[in-house]
Amino acid sequence: MPQMTDERVRAGMNREEDLSLLHEVSMKTAGVSHLEMCIQCGTCGGSCPVAEDMDHTPRMLFAMLRAGIREEVLRSNTPWLCVSCYHCVVRCPQEVHIADVMYTLKGMAIHAKLYTDSTAPHFSQTFVGMVETFGRGYELGLATRHYLRHFPLRLPGMMPMGFGMITKGRMAIIPKKIKHIDQLTKILNRAKQLELTS
Amino acid sequence: MNKYLLYPGCSMDSSAKAYMESLNSIVEPLDLHLEEIEDWNCCGATEYLGINLIPAYSLIARNLALATKQMNGTRTVVAPCSACYLNLAKADYYMQERPTLGAKVNEALAAGGLEYKAGTLDVRHLIDILVYDVGLEAIRSKVVRPLSGLKVVPYMGCMLPRPDYQHRWSDHEHPTELDDLLRALGADVIDYPLTTECCGGHMTQIGPESAFELIRRLISDASERSAHMMVTVCPMCQMNIDAYQNETNHFFGTNYHMPVLFFTQLMGLAFGKEPGKLGIGLELVSSRNALANLGIEVPVTQEPAAPRKKDEGLPMPRRWTKHEGRKEEMK
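Shown next as C-alpha cells:
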C-alpha cells in the first residue's frame, strides 16, 4: 500500500488507493511484468496495429487496472485483439511486458467468464484441447470445429482455400499424436494443480 | 560440421511443408546437421498462454527438457517457426527472470520424470543460425544460380525480432538479416518498411476483419513497391498472406496477387535445386509468374477460385470496406 504522503493529503486524496487488482495481474504474469511502472505515456496504443478495433488501448486498460475496476477490464475486448506482435513491448519506456499482461487478462476473463465475445476464448480452448489430446496441433479438426461454431457463413467462401490446403498436403486429415502423450498428460495435470494453488 | 537440435514445430509438416522440404534440401550444401528433438510436442502457439500460465510454460518446457537429453556436443536448439522460437526462448528467459515460475514448471515436469534448468540451452531461429553461424560468405559461395532480376520484399514478421530478450537481432523494428541473406543470393531486395509489421496471427481465425486489414497493408505495400514476391521466415506469416489473400481480396474488393515464399525456398533455387524439391507450387497464390523472371519453370498448379463471382446480375449489397463499416450498412 502506498504511503499517505503530504501531497496526497493536500490534494484531498484521503482514501488509500486499492492496488490489489494491479498486483494480482502483475503477479499472475510470466516473468517480471513491470506493470506497476506504467507511466501512462500511451506509446503502447500508438504502436498497436489493431488499436482502432479495441475497446480500450493498452494504456487505458492499465489505468483501469490501477483504478481497480475489475469487471470492466475483464469484459474489454482489448486482450482478445492483441496479436502478440510485441511492438508495444519493445517501445515501452518502462519495459512493461504488455503482451504477457494481455495473456494474463485473457486467462482471468476465461476463469471469471466475463468475456463478451466467445469466439476467441473458444478458439483458444479448442486449440488447447487438441494439443492436450494429441500433443500436436491439428489444423483440420480445429478449423472445422471452430468455423462451424463461429463462422458458418464464412465456410462456403473458404472451401476453395481448404480444398487447396488439403490437396496440396498442407493440412493433414488425420491428427499426429506424440509417443509419450501419457507423460505430457501427467505434466499438464500436475501443472494445473499448481496453477490452482498459486 | 555444425550440429544443432531441431525443434520443427507442428506447421512444418502441414501448412509449412514447403519450408521443411526446402530446409532439408539446403542442410547438405551448407554442412548443417539438424537433429530432431525426439517426441517433441506443440509449443502451444499463442493460445495456451492465454488460458493457464503454469501449464502453458510446462508444455513448452517439456521440449526444452527433452532437448537437454540429446545435447551431445551442442546446446543450441533451432526453431524454424517464429512462434515456436519465441515461446521456447521466452520460457527459458522467464524461468530465469522469475525463479518461482521456473520452480513450478520443474515441479510439473517432475510428474513426467523430466527437468529443465533454465539457461542450459540456447534457443535460436533458423535464419539466425544461417546468417551468424554459417555466414553470408559461405552462403554466397554456394550460389550457382543468382536470383538477379527477382524483386523481393523481405518480410521478417513480428515475433522473430521482438521482444528479443537475448539481443540476437540487428534491430527490433527494421532488422536487416533477411535483406542481407537475400542479397547474398543475388536477389533484387526492395526496402520494405513494414518488414516487422504483424500479419494478423490468429486473428484470421477469431477476428477476420482485423486480420484482413493487416494482410491488406502488407500486400498492398509490397505490390506498390513492384515486388514480384514476398519472402518470409515464419509459417504463420506465410499461411496468413498466402491462404487468406483470396478472402482479403474479396473483403476489400481488391485484386492483389502477391506470392509469398519461404527464404529457404529461394536459397534452394539459388543453390541450383529443382523447384519441385523445394515445395514450390504448394503455395496457394502461385509464384509461377514471379519465378519466370528467373527463367525458372514451375509446374502449373491450380489456384483456388475466387469465393464469389463479381456482383453483377441480381442486386446485391454493395461491397463494403472495413472503414465504411458493414454493421452500419446492415442496420
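Listed in order, the protein sequences are those of chains P and X. Just so you know, we're using this note's numbering here: the first sequence kicks off at 51 and counts up by one. Just so you know, we're using this note's numbering here: the second sequence kicks off at 46 and counts up by one. Just so you know, even glycine gets a beta-carbon here, dropped at the ideal spot from N, CA and C. All of these numbers come straight from a predicted model, not from anything done at the bench.
A contact between stretches requires three or more CB pairs, one per stretch, nearer than 8 Å, and the region 120-134 of chain P meets this requirement with the region 151-168 of chain P.
Taking the CA atoms as reference points, residue 56 of chain X sits about 16 Å from residue 329 of chain X.
Collapsing the DSSP output to three states places residue 182 of chain P in a helix. Annotation for residue 194 of chain P: the continuous alpha helix (DSSP H) segment containing it runs 189-200. Cα atoms of residue 168 of chain X and residue 94 of chain X: separation of roughly 19 Å, rounded to the nearest angstrom. Distance between residue 67 of chain P and residue 89 of chain P, taken at the CA atoms: about 16 Å.
The region 228-238 of chain P makes contact with the region 77-89 of chain X: 3 or more CB pairs, one atom from each, lie closer than 8 Å. Fully enclosed alpha helix (DSSP H) runs of no fewer than 4 residues occupy 108-117, 120-125, 128-131, 137-141 and 148-161 of the region 95-163 of chain P, in order along the chain. Each residue's CA atom was taken as its position, placing residue 282 of chain X and residue 310 of chain X some 15 Å apart.
Between residue 109 of chain X and residue 161 of chain X, the C-beta spacing is below 8 Å. Annotated three-state conformation of residue 330 of chain X is coil, per DSSP. With a threshold of 8 Å between beta carbons, residue 103 of chain P makes contact with chain X. Annotated as proximal: residue 244 of chain P and residue 153 of chain X, with beta-carbon spacing under 8 Å. Taking 8 Å as the cut-off, the Cβ atoms of residue 72 of chain P and residue 79 of chain P do not count as close. Partner residues in the beta bridge of residue 196 of chain X, as assigned by DSSP, are X:233. Chain order gives the chain P residues near residue 248 of chain X as 133, where near means a beta carbon separation below 7 Å. Just measuring C-alpha positions, the residue of X:285, X:228 and X:179 sitting nearest residue 194 of chain X is X:228. Contact between the region 136-152 of chain P and the region 182-200 of chain P is absent: fewer than three C-beta pairs spanning the two stretches fall below 8 Å. Against chain X, the CB of residue 114 of chain P has no partner CB under 8 Å away; the residue lies outside that interface.
Pairing residue 170 of chain X with residue 112 of chain X gives a Cβ-Cβ distance that is not under 8 Å. Contact between the region 308-325 of chain X and the region 274-289 of chain X is present: 3 or more CB-CB pairs across the two stretches fall below 8 Å. When Cβ pairs closer than 8 Å are counted between the two stretches, the region 144-159 of chain X is seen not to touch the region 172-181 of chain X, the count staying below three. Taken through DSSP and simplified to helix, strand or coil, residue 207 of chain X comes out as coil. The alpha-carbon of residue 284 of chain X is positioned some 14 Å away from that of residue 253 of chain X. Within 9 Å of the CB of residue 140 of chain P, the CB atoms of chain X belong to 206, 207, 208, 209, 217 and 218, in sequence order along the chain. Neighbours of residue 189 of chain P in chain X, taken as residues at a C-beta separation under 7 Å, are given in chain order as 59 and 60. Looking at the DSSP output, residue 240 of chain X sits in no beta bridge, so it has no partner there. For residue 204 of chain P, the number of other beta carbons within 10 angstroms of its own is below 16, and it is reported as exposed. Residue 107 of chain P has its alpha-carbon roughly 8 Å from the corresponding atom of residue 94 of chain P. Straight-line spacing of the CA atoms in residue 77 of chain X and residue 102 of chain P works out to 45 Å.
Secondary structure remark: continuous beta strand (DSSP E) runs of at least 3 residues inside the region 234-301 of chain X, in chain order: 274-277. Taken through DSSP and simplified to helix, strand or coil, residue 232 of chain P comes out as helix. Here the alpha carbons of residue 316 of chain X and residue 235 of chain X stand approximately 21 Å from one another. Straight through space, the alpha carbons of residue 201 of chain X and residue 222 of chain X are spaced by roughly 9 Å. If you look at residue 62 of chain X, you'll find it in the alpha helix (DSSP H) that goes 62-72. In this structure the region 204-220 of chain X does not touch the region 179-193 of chain X; the number of beta carbon pairs closer than 8 Å is below three.
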